[in-house]
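Protein chains in written order, with our numbering: chain F, 2 to 324; chain A, 350 to 614. Structure first, then comments.
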């Protein structure tokens with residue numbers, strides 16, 4: 002039996018539009034999602050903002066009722082057996098909320114330990130251990146309101162592990178963290194992986210998924226569009242090269258024009274202060290560079306380089322440049 | 350439900366009580382409402398009542414104390430769910446194996462206890478300052494009834510909180526609930542002054558029975574049969590409120606999970 006089994010999961014949100022003549026509108030957040038996660042596996046769910054990652058996690062953590070479909074965690078149904086599931090899972094949602102800021106970290110953890118029926122004697126041993134594990138051992142007495150964002154994220158991890166759950170849901174745990182904080186948090190996730198916990202990690206950082214996950218599902222517009230190991234996903238772009246072009250002040254019209262060139266497969270953009278980095282996927286390889294440069298007629302160009310495709314490029318190809 | 354689980358749930362009640370107390374002690378707004386505001390109200394009340402004699406003063410103090418307790422409970426019960434939602438903690442509470450009503454009960458217990466203690470302290474201090482003699486004919490009955498009153502108030506708070514689980518918009522109805530209970534429970538004047546058809550509404554409210562026995566105890570009219578009747582009604586309605594709130598929390602939580610209202614979007 003797999004730790005998590007999801008079959009044809011669907012979730013629709015109802016929203017209101019208009020001020021005077023209100024109309025109900027339905028938004029499909031998750032559409033016919035099916036996958037399974039093995040015991041002890043670290044599984045990644047990747048997708049752009051609004052793709053349905055958090056909705057999927059919230060259904061699995063019993064916080065949302067699915068509109069259709071079913072899912073089981075360790076054999077228990079997420080709707081019928083929600084109470085049984087709650088003591089077996091831990092979860093964190095990215096961000097600073099979800100803690101009592103006017104209490105110390107230790108008091109936060111004492112409180113959450115009681116909610117998860119951890120005996121006080123056990124909690125007294127476990128709280129210092131977990132605070133040490135997430136690097137907050139010497140700050141446990143301080144009020145959470147004085148913590149940095151990274152410290153709060155790490156406290157969330159400690160909170161999720163208080164009852165030693167078999168299954169963990171980490172929803173964008175490194176979002177908003179500085180590079181050092183994100184690296185430290187990834188180290189914590191790796192430690193959890195070595196303890197053979199089943200982990201579902203959602204992220205939109207490709208390198209994070211590549212470094213941590215054994216398998217990855219890519220979700221876009223609520224649907225799973227690919228599911229494989231990181232290496233197998235990279236094969237989706239084995240026929241392509243990526244030309245990175247540094248440009249200053251390129252318009253959306255020009256980006257669309259580049260996208261429509263016959264030898265260009267996809268284009269994604271990263272904004273870095275005053276410049277933009279265009280990542281152009283092409284089958285022609287480095288030979289395409291002169292033609293591409295001439296297409297940016299009148300735009301200031303900086304560095305141009307060609308490289309092998311990465312998981313991020315595979316992801317861009319799969320989600321059609323939405324990243 | 351086995352004893353181990355019951356013990357775990359009770360631990361949540363007392364720890365929520367402790368944590369709420371700790372948080373209130375470092376919140377200047379709450380400290381103002383607990384320490385300064387009751388003192389100001391007590392000074393005003395005693396200044397107005399000092400010529401009227403101890404019997405009348407104690408009637409008004411009990412009535413206004415009950416009103417204060419009810420307002421505190423009404424707002425705290427609703428706001429406890431709303432603030433958890435704003436702080437992103439409601440999902441954490443709902444997704445834990447402990448039913449959320451135990452945490453809500455602990456919060457209500459902390460806030461009602463703080464309000465009551467501050468009111469008793471304020472009135473006592475100010476009565477000494479203004480030299481008003483507050484006579485209590487049956488103090489043992491009064492304080493025993495007060496403990497029962499607090500417990501039944503808290504069970505009533507569970508019903509209010511359960512409605513707030515579904516949607517924060519319910520808060521707009523909160524003010525509308527304050528005065529009907531003041532009137533129907535007879536906090537400030539006897540319900541015999543109200544039209545007869547309203548009396549059955551008063552009888553299904555535990556605060557009515559609480560007010561009745563507290564007023565009677567202050568003037569020495571709490572006979573054995575009156576005590577048995579009022580206490581039994583408080584216990585009966587307390588149990589009914591717990592049972593009803595259990596069902597309501599179940600229904601409201603299910604709807605909140607369907608309508609995705611556990612978190613602020």
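Don't be surprised by glycine CBs; every beta carbon is placed ideally from N, CA and C.
Buried versus exposed, by CB contacts within 10 Å (16 or more), residue i
i: residue 275/F; result: exposed
i: residue 20/F; result: exposed
i: residue 221/F; result: buried
i: residue 318/F; result: buried
i: residue 233/F; result: exposed
i: residue 487/A; result: buried
i: residue 521/A; result: exposed
i: residue 613/A; result: exposed
i: residue 377/A; result: exposed
i: residue 196/F; result: exposed
i: residue 116/F; result: buried
i: residue 240/F; result: exposed
i: residue 429/A; result: buried
i: residue 594/A; result: buried
i: residue 184/F; result: exposed
i: residue 557/A; result: buried
Distance between residue j and residue i (C-alpha atoms, nearest Å)
i: residue 331/F; j: residue 501/A; result: There is no way to answer for residue 331/F, as the model of chain F reaches only from 2 to 324.
i: residue 385/A; j: residue 435/A; result: 27 Å
i: residue 527/A; j: residue 419/A; result: 8 Å
i: residue 95/F; j: residue 151/F; result: 10 Å
i: residue 132/F; j: residue 369/A; result: 23 Å
i: residue 495/A; j: residue 550/A; result: 22 Å
i: residue 580/A; j: residue 54/F; result: 53 Å
i: residue 238/F; j: residue 320/F; result: 13 Å
i: residue 601/A; j: residue 482/A; result: 49 Å
i: residue 288/F; j: residue 265/F; result: 12 Å
i: residue 145/F; j: residue 106/F; result: 6 Å
i: residue 121/F; j: residue 357/A; result: 10 Å
i: residue 155/F; j: residue 198/F; result: 18 Å
i: residue 324/A; j: residue 455/A; result: No answer is possible for residue 324/A: the residues shown for chain A start at 350 and end at 614.
i: residue 6/F; j: residue 246/F; result: 43 Å
i: residue 504/A; j: residue 574/A; result: 24 Å
i: residue 325/F; j: residue 42/F; result: Given a span of 2 to 324 for chain F in the structure shown, any question on residue 325/F remains unanswerable.
Residue-chain proximity (residue i, chain F), Cβ-Cβ < 9 Å
i: residue 603/A; result: yes
i: residue 372/A; result: yes
i: residue 382/A; result: no
i: residue 514/A; result: no
i: residue 364/A; result: yes
i: residue 609/A; result: yes
i: residue 446/A; result: yes
i: residue 442/A; result: yes
i: residue 437/A; result: yes
i: residue 521/A; result: no
i: residue 452/A; result: yes
i: residue 518/A; result: no
i: residue 375/A; result: yes
i: residue 493/A; result: no
Residue from the options with nearest C-alpha to residue i
i: residue 296/F; options: 273/F, 260/F, 286/F and 310/F; result: 260/F
i: residue 141/F; options: 52/F, 151/F, 129/F and 43/F; result: 129/F
i: residue 466/A; options: 492/A, 451/A and 482/A; result: 492/A
i: residue 102/F; options: 126/F, 147/F, 154/F and 120/F; result: 147/F
i: residue 250/F; options: 264/F, 272/F, 262/F and 258/F; result: 272/F
i: residue 439/A; options: 566/A, 514/A and 353/A; result: 514/A
i: residue 123/F; options: 42/F, 164/F, 22/F and 64/F; result: 164/F
i: residue 293/F; options: 256/F, 31/F and 99/F; result: 256/F
i: residue 214/F; options: 153/F, 84/F, 230/F and 283/F; result: 230/F
i: residue 51/F; options: 188/F, 40/F and 223/F; result: 223/F
is_contact[residue i, chain A] using C-beta, thresh 9 Å
i: residue 87/F; result: yes
i: residue 111/F; result: yes
i: residue 99/F; result: yes
i: residue 115/F; result: yes
i: residue 23/F; result: no
i: residue 108/F; result: yes
i: residue 14/F; result: yes
CB contact check: residue i to chain C, cutoff 9 Å
i: residue 596/A; result: The question asks about chain C, but that chain is absent: this structure's protein chains are F and A.
Check: residue i C-beta below 8 Å from any heavy atom of the ligand HEM
i: residue 555/A; result: Inclusion of the ligand HEM in the displayed structure is not the case, the ligand content being empty and no account of it being possible.
(message) For the pair the stretch 201-210 of chain F and the stretch 167-187 of chain F, tell me if three or more CB-CB distances fall below 8 Å.
(response) Yes, the stretch 201-210 of chain F touches the stretch 167-187 of chain F.
(message) Taking contact to mean 3 or more Cβ pairs, one atom from each stretch, closer than 8 Å, check whether the stretch 452-469 of chain A and the stretch 541-550 of chain A are in contact.
(response) No, the stretch 452-469 of chain A is not in contact with the stretch 541-550 of chain A.
(request) Examine the Cβ distances between the stretch 103-111 of chain F and the stretch 152-168 of chain F and report whether three or more of them are shorter than 8 Å. (result) A contact between stretches requires three or more CB pairs, one per stretch, nearer than 8 Å, and the stretch 103-111 of chain F meets this requirement with the stretch 152-168 of chain F.
(request) Please confirm if the stretch 350-363 of chain A is in contact with the stretch 294-309 of chain F, defined as three or more CB-CB distances below 8 Å between the two stretches. (result) The stretch 350-363 of chain A vs the stretch 294-309 of chain F: no contact.
(request) Would you check if the stretch 585-601 of chain A and the stretch 420-432 of chain A touch, i.e. whether three or more CB-CB distances between them fall below 8 Å? (result) Flag = no, the stretch 420-432 of chain A and the stretch 585-601 of chain A do not touch.
(request) Assess, as a yes-or-no matter, whether the stretch 66-83 of chain F is touched by the stretch 5-17 of chain F under the definition of 3 or more beta carbon pairs within less than 8 Å. (result) At 8 Å Cβ cutoff, the stretches touch.
(request) Say whether the stretch 77-91 of chain F touches the stretch 30-48 of chain F, bearing in mind that this needs 3 or more beta-carbon pairs closer than 8 Å, one atom from each stretch. (result) With fewer than three CB-CB distances shorter than 8 Å, the stretch 77-91 of chain F does not count as touching the stretch 30-48 of chain F.
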